[in-house]
Amino acid sequence: MRVLVIGSGGREHALAWKLRSAGGVEALYCAPGNGGTAAEGENVPLADNDLPGLVAFAREKNIDLVVPGPELPLTLGVADAMREAGIAVFGPDKWCARLEGSKAFAKEIMARAGVPTAASGVFTRLEDARAHILEHGAPVVVKADGLAAGKGVIVAATVEEALAAVDQIMGQRAFGAAGDSVVIEERLIGEEVSLLAFCSGETALPLPSAQDHKAAFDGDTGPNTGGMGAYSPAPILPDSELERMTDLTIRPILREMARQGHPYTGVLYAGLMITEDGPKVLEYNVRFGDPECQPLLMRLESNLLEVMTACARGKLEGVRLAVRPEAALGVVVAAEGYPGSYARGLPIAGLEEAESLPGVKVFQAGTRLENGQPVSSGGRVLCVTALGADLAGARDQAYAAVERVRMPQSRHRTDIGAKGLRRLGR
Ligand code: AMP
Ligand code: GLY
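Mapping of the sequence shown onto this note's numbering: position 225 corresponds to residue 219, and the numbering continues sequentially without gaps.
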């Protein structure tokens, strides 16, 4: 098989590595890729949103399967464009990708499908949003409808903060057209956990649970980032509850999408809040999470190429996922200053020493090769990931590997997995 992975993060390095490791891949390209994907296949200098360029490349290279990593190409319709060209894609069409691309659409589908979620309203006029806030008070969560690079959600403790949020999104148009409408919803209290499933039509095969760490600093403090680390399984959602949770939060969505004439293909990711009143969906992503993907793929024993191909061909029914019993944990090594401004071009050393530890794999994210050596090119630079007999073992091994990585002006969180360990009473 000839495969094209789209994207350039740690997630895409993990996808390329896992696809490669199973055999059956004759050629693997990554557009645009990074320093890590360059070792798994060939990088192609095409941006993830260059749909005509990507289709032309896939045609020219006789690609059999396209695997888009990030949400942007999916919401732009890369799956539709590839399928029109007769090329199989592991990812949803543009219509389905609105589950992530429009929070108002996601809310509507959840309501139709009967999936538990926060009570909410959708507003297209600033005056109406303001009136709603003044009437209902705070706390409240204000969300720009469209994609806003992870910055479009404001948890407002007071009415003033909520009003400032809608002014920023709708009045000043801080996120452009993504703020044409806003979703205002009740604030939920609880612990967050991620449930990801391979999906094809109405069939869903859940992966074990994972937990992301979105805040920049230890103790979940500081600004939100793309994710500073992740681990699997998350004790708050044990394997024994995966099927029930998939029945509650994933399968009803698949049935609703199919009923509306758009069967879903790819990974569906439910961001859940486990509240006192039970689980509620905070959001859907139409792709793997980054960095959740890295520990999850470390644990996956099944041949990823076969699973993705089965999804793309509508033949997922009857497929079983094999998952290692060990836990996996990934620590993101970031450039100092991220998610604000930070230096680029920082030299990275010690990757081989880190990977010489048993069960360790260093996934590269914001890196590129300079004279064959990796240097940083982004804020999240590496995701140092390890398997361990249990969560504590995976954590210890991942941090031992982080110690062996040498990069100036870098930083990482020191408490990845702490919430899970606390729940386990460790
Ligand atoms: P989202 O992109 O919708 O997942 O929102 C990003 C983050 O905002 C989530 O991971 C939560 O930490 C927080 N969040 C979103 N919706 C709510 C809510 N209804 N109640 C409390 N926190 C929320
Ligand atoms: N790590 C969260 C996300 O990929 O959306």
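Backbone N, C-alpha and C define an ideal beta-carbon position, used for all residues, glycine too. These numbers were taken from a predicted model, which means no experiment stands behind them.
| Run of the beta strand (DSSP E) containing F51, from where it starts to where it stops | Careful: F51 lies outside any beta strand (DSSP E), inside the alpha helix (DSSP H) at 45 to 54.
| query | Going along the chain, which residues of its own chain have a beta-carbon closer than 8 Å to the beta-carbon of A383, five neighbours each way excluded? | reply | E320, A321
| Between the region 179 to 189 and the region 134 to 142, are three or more C-beta pairs nearer than 8 Å? | yes
| request: Report the three-state DSSP secondary structure of V295 (helix, strand or coil). | output: This sequence places Glu at residue 295; Val is not what is there. E295: coil per DSSP, three-state reduction.
| query | Do L418 and P202 come within 8 Å of each other at the CB atom, strictly closer than that value? | reply | no
| query | Straight-line CA distance for P110 to L190? | reply | 17 Å
| request: Say whether the region -4 to 3 touches the region 42 to 61, bearing in mind that this needs 3 or more beta-carbon pairs closer than 8 Å, one atom from each stretch. | output: yes
| Pairing CB atoms from the region 283 to 297 with CB atoms from the region 213 to 232, are three or more of them under 8 Å? | yes
| query | Near P39, which residues of its chain fall below 7 Å by C-beta distance, leaving aside the five closest residues on each side in sequence? | reply | P26
| Endpoints, beta strand (DSSP E) assigned at G382 | 374 to 382
| query | In whole angstroms, what separates the C-alpha of M457 from that of E397? | reply | With the chain covering only -5 through 420, there is no way to say anything about residue 457.
| Helix, strand or coil at A492 according to DSSP, with G and I counted as helix | Outside the modelled stretch of the chain, which goes from -5 to 420, sits residue 492, for which no answer is possible.
| said: To the nearest angstrom, how far is the alpha carbon of L351 from that of M164? | reply: 50 Å
| said: Could you check whether the Cβ of G272 sits closer than 7 Å to any heavy atom belonging to the ligand AMP? | reply: no
| Distance, Cα to Cα, P368 vs Q403? | 15 Å
| query | Q358 by DSSP, collapsed to three states: which one? | reply | strand
| message | In this structure, how does DSSP classify E196 when only helix, strand and coil are distinguished? | response | coil
| request: Using 7 Å as the cut-off, classify the Cβ of G184 as near or not near the heavy atoms of the ligand GLY, replying yes or no. | output: no
| message | Among the candidates A16, G4, V280, E185, whose CA atom is the shortest distance from the CA of L231? | response | E185
| Simplified DSSP state of R238, which is helix, strand or coil | helix
| said: Below 7 Å, is the gap between the Cβ of P62 and the nearest heavy atom of the ligand GLY? | reply: no
| field | Proximity of L66 and N43 at Cβ, strictly below 8 Å | value | yes
| task | Decide if R400 is buried, meaning its Cβ has at least 16 other Cβ atoms within 10 Å, or exposed. | result | exposed
| message | Residues around the ligand GLY, please: the ones whose beta-carbon is closer than 5 Å to some heavy atom of it, in chain order. | response | D206, G221, G283, D284
| Is L262 near the ligand AMP, in the sense that its beta carbon is under 7 Å from a heavy atom of that ligand? | no
| Per DSSP, what kind of secondary structure is Y336 in: helix, strand or coil? | coil
| query | Name the DSSP beta bridge partners of P26, please? | reply | G1
| request: Could you tell me if P289 is buried or exposed, where buried requires 16 or more neighbouring beta carbons within 10 angstroms of its beta carbon? | output: buried
| said: Counting beta carbon pairs with one atom in the region 123 to 130 and one in the region 267 to 279, are three or more of them shorter than 8 Å? | reply: no
| task | Below 7 Å CB to CB, which residues in the same chain sit around L310 once its five sequence neighbours on both sides are set aside? | result | F192, S194, T197, L199, A304
| said: With the cut-off set at 8 Å, would you say F215 and P333 are in Cβ contact? | reply: Per the sequence shown, the amino acid found at residue 215 is Thr instead of Phe. In this structure, P333 does not lie closer than 8 Å to T215 by Cβ.
| field | As assigned by DSSP and simplified to three states, the class of S370 | value | strand
| request: Run the CB neighbour count on G223, radius 10 Å, all protein chains shown included, and call it buried at 16 or more, exposed below. | output: buried
| query | Should P86 and T259 be called a contact, given that it needs their Cβ atoms to be closer than 8 Å? | reply | yes
| Contacts around I268, its chain only, beta-carbon distance under 7 Å, and the 5 residues preceding and following it disregarded | G184, E185, V187, I230
| Heavy atom of the ligand AMP within 7 Å of R181 beta-carbon | yes
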